[in-house]
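Below is one structure, written out as structure tokens; comments come after it.
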Amino acid sequence: MIIDPRYNELADGLTGFSIELKKGERVLIDAFDVPDAMVIALVRAIHRRGAHPYVQLHRARVTRELVLGAEEAQYAPLAKVEKQRMESVDAYIALRGSDNIFESSDVPADRVRLVSRLMKPVLDHRVNKTKWVVLRWPTSAMAQQAAMSTEAFEDFYFRVCTLDYRRMIPGMKALADLMSKADRVHIKGPGTDLSFSIKGIGAKECGGQRNIPDGEVFSCPVRDSVEGHIQYNAPTVYLGSSFDQIRLAFKQGKIVEATSSNTKRLNEILDSDPGARYIGEFAIGFNPHILEPMRDILFDEKIAGSFHFTPGQAYEDCGNGNKSQVHWDMVCMQRPEHGGGEIWFDGKLIRKDGLFVPKALQKLNPDYLLGSKK
Numbered sequence: 001m002i003i004d005p006r007y008n009e010l011a012d013g014l015t016g017f018s019i020e021l022k023k024g025e026r027v028l029i030d031a032f033d034v035p036d037a038m039v040i041a042l043v044r045a046i047h048r049r050g051a052h053p054y055v056q057l058h059r060a061r062v063t064r065e066l067v068l069g070a071e072e073a074q075y076a077p078l079a080k081v082e083k084q085r086m087e088s089v090d091a092y093i094a095l096r097g098s099d100n101i102f103e104s105s106d107v108p109a110d111r112v113r114l115v116s117r118l119m120k121p122v123l124d125h126r127v128n129k130t131k132w133v134v135l136r137w138p139t140s141a142m143a144q145q146a147a148m149s150t151e152a153f154e155d156f157y158f159r160v161c162t163l164d165y166r167r168m169i170p171g172m173k174a175l176a177d178l179m180s181k182a183d184r185v186h187i188k189g190p191g192t193d194l195s196f197s198i199k200g201i202g203a204k205e206c207g208g209q210r211n212i213p214d215g216e217v218f219s220c221p222v223r224d225s226v227e228g229h230i231q232y233n234a235p236t237v238y239l240g241s242s243f244d245q246i247r248l249a250f251k252q253g254k255i256v257e258a259t260s261s262n263t264k265r266l267n268e269i270l271d272s273d274p275g276a277r278y279i280g281e282f283a284i285g286f287n288p289h290i291l292e293p294m295r296d297i298l299f300d301e302k303i304a305g306s307f308h309f310t311p312g313q314a315y316e317d318c319g320n321g322n323k324s325q326v327h328w329d330m331v332c333m334q335r336p337e338h339g340g341g342e343i344w345f346d347g348k349l350i351r352k353d354g355l356f357v358p359k360a361l362q363k364l365n366p367d368y369l370l371g372s373k374k
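Here our numbering is used: position 40 in the sequence shown is 40, and no number is missing along the way.
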């Protein structure tokens, strides 16, 4: 089979830079509505590195049908099998490409919660115990979400996903070091006045080795420290439902008020379990190619000049111990065209209107990452 050269370039980056695949390692490829040619490109790239590929193919409409009738007796045994499978591999690559991001929007919330709860140990093992990378696959639906032609979006997609992520390393390290030493964070912007502590949590750089596209540094609030309110300005899709203009209010770390264009469904999700109303991640995004939201979180959470503040499960790395079946990355953009905003650490201005202020962090600003400034 003749493979698009862009597929081969992406496959080489995923198996080389992203998961640093070694000879003899076992890799599970989870492909959701992805062209066979891309899966084959990955299989070939894995074989070239002397590793062992395993492939699992998924179709969104089939998955929806399974979840519609989900029962404990059906999914409990499946979860055991999937956890054993995940425990048997060293690395994991997932590509997700469906033409309908709302395919699961009519699945009852109780069925979704059941499946999420039972499959959570599989997700936890994958996130914490394997080398992994997850990415979307370009579709005409994604192009429509981005208000672009299919051809233009594909060009954008491969440009973003094959970015030289090594260029991010110096700035990411400086930001992670600064966040690791910080205590009080204060975020201000239209509809937002939020304060919390990240003391003792630490921070982690994300530059192409977990998600593609990438470009963020994340930490986590001390669980009960969050006070104030936040107005998110990026639309979001979660569990097949769409939300705009989410506003959250906090008291002693807990979300005490939540409204949006879909307030009822928003609160249903936040009531999934006690941990869903606490924050499990605070991250700052800076991918210079991604400027506008497209209702796809793997892209939107990396928007240049954005941050995300995530209700639900915390990571084991740089976490606060919060447990939940929910992990919902909600995004706020702070560039001037989106209303601006400021991020302060311990009384020092770190980013204003989407641009980093301290000299060591200016290497994360778009002009540096795109190579126009040294």
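For every residue, glycine included, the Cβ atom is placed at its ideal position computed from N, Cα and C.
{"query": "Cβ-Cβ separation, Lys204 to Ala182 (assumed contact under 8 Å), whole Å", "result": "Actually they are not in contact, since the Cβ atoms of Ala182 and Lys204 sit about 14 Å apart, beyond 8 Å."}
{"query": "From Asn100, Leu291, Asp110, Arg49, residue whose alpha carbon lies closest to that of Tyr14", "result": "Sequence inspection shows Leu at residue 14; the Tyr mentioned does not correspond to that position. Per the Cα distances, Arg49."}
{"query": "Bounding residues of the beta strand (DSSP E) (the contiguous stretch that carries Ala249)", "result": "247-251"}
{"query": "Opening and closing residue of the beta strand (DSSP E) in which Met333 lies", "result": "331-333"}
{"query": "Close beta carbons around Gly228, own chain, < 7 Å, minus the five adjacent residues each side", "result": "Asp193, Leu194, Ser195, Phe250"}
{"query": "Asp317 (DSSP reduced to helix, strand or coil)", "result": "coil"}
{"query": "Contacts around Asp317, its chain only, beta-carbon distance under 6 Å, and the 5 residues preceding and following it disregarded", "result": "Lys204"}
{"query": "Gly16 (DSSP reduced to helix, strand or coil)", "result": "helix"}
{"query": "is_contact[Ser324, chain C] using C-beta, thresh 7 Å", "result": "Absent here is chain C; the protein component of the structure consists of one chain."}
{"query": "Reduced DSSP secondary structure (H/G/I, E/B, other) of Arg96", "result": "strand"}
{"query": "Entirely enclosed beta strand (DSSP E) segments - the segment 41-106, minimum 3 residues", "result": "52-58, 91-96"}
{"query": "Three-state secondary structure (DSSP) of Ser324", "result": "coil"}
{"query": "Cα-Cα separation, Leu114 to Val122", "result": "14 Å"}
{"query": "Spatially closest choice to Ile46 from Phe17, Gly312, Ile169, by CA coordinates", "result": "Phe17"}
{"query": "Among Gly275, Ile19, Ile212, nearest to Trp132 - alpha-carbon criterion", "result": "Ile19"}
{"query": "Ala31, DSSP secondary structure in three states", "result": "strand"}
{"query": "Contact set for Lys323: own chain, Cβ-Cβ below 6 Å, skip 5 residues either direction", "result": "Gly275"}
{"query": "N-terminal and C-terminal residue of the beta strand (DSSP E) that Val134 is part of", "result": "131-136"}
{"query": "Cα-Cα separation, Ala152 to Val127", "result": "32 Å"}
{"query": "Cutoff 6 Å; reference Leu42; Cβ partners in own chain excluding five residues on either side", "result": "Ala11, Ile29"}
{"query": "Tyr7 versus Gly191 - alpha carbon distance", "result": "42 Å"}
{"query": "Backbone secondary structure at Asp124 - three-state DSSP", "result": "helix"}
{"query": "Where Pro108 falls, given that 16 or more other Cβ within 10 Å makes a residue buried", "result": "exposed"}
{"query": "Those residues which DSSP pairs with Pro311 across a bridge", "result": "Ile279"}
{"query": "Residue(s) in a DSSP beta bridge with Ile169", "result": "Answer by DSSP bridge pairing: none, since Ile169 is not bridged."}
{"query": "Test item: CB-CB of Pro277 and Ile246 under 7 Å", "result": "Note that residue 277 is Arg in the sequence shown here, rather than Pro. Against a cut-off of 7 Å, the Cβ pair of Ile246 and Arg277 comes out as no contact."}
{"query": "Residue environment, Gly171, which counts as buried when at least 16 other CB atoms sit within 10 Å", "result": "buried"}
{"query": "Same chain, Cβ closer than 7 Å to Arg59, neighbours up to 5 away in sequence not counted", "result": "Asp33"}
{"query": "Neighbour-count burial assignment, Pro336, 16 or more Cβ in a 10 Å radius", "result": "exposed"}
{"query": "Given Asn233 as reference, the closest of Val55, Phe309, Gly371 once Cα atoms are compared", "result": "Phe309"}
{"query": "Contact set for Pro293: own chain, Cβ-Cβ below 7 Å, skip 5 residues either direction", "result": "Ala234, Pro235, Asp300, Ile303, Val331"}
{"query": "Segments of 4+ residues assigned as alpha helix (DSSP H) that fall wholly inside the segment 188-274", "result": "263-270"}
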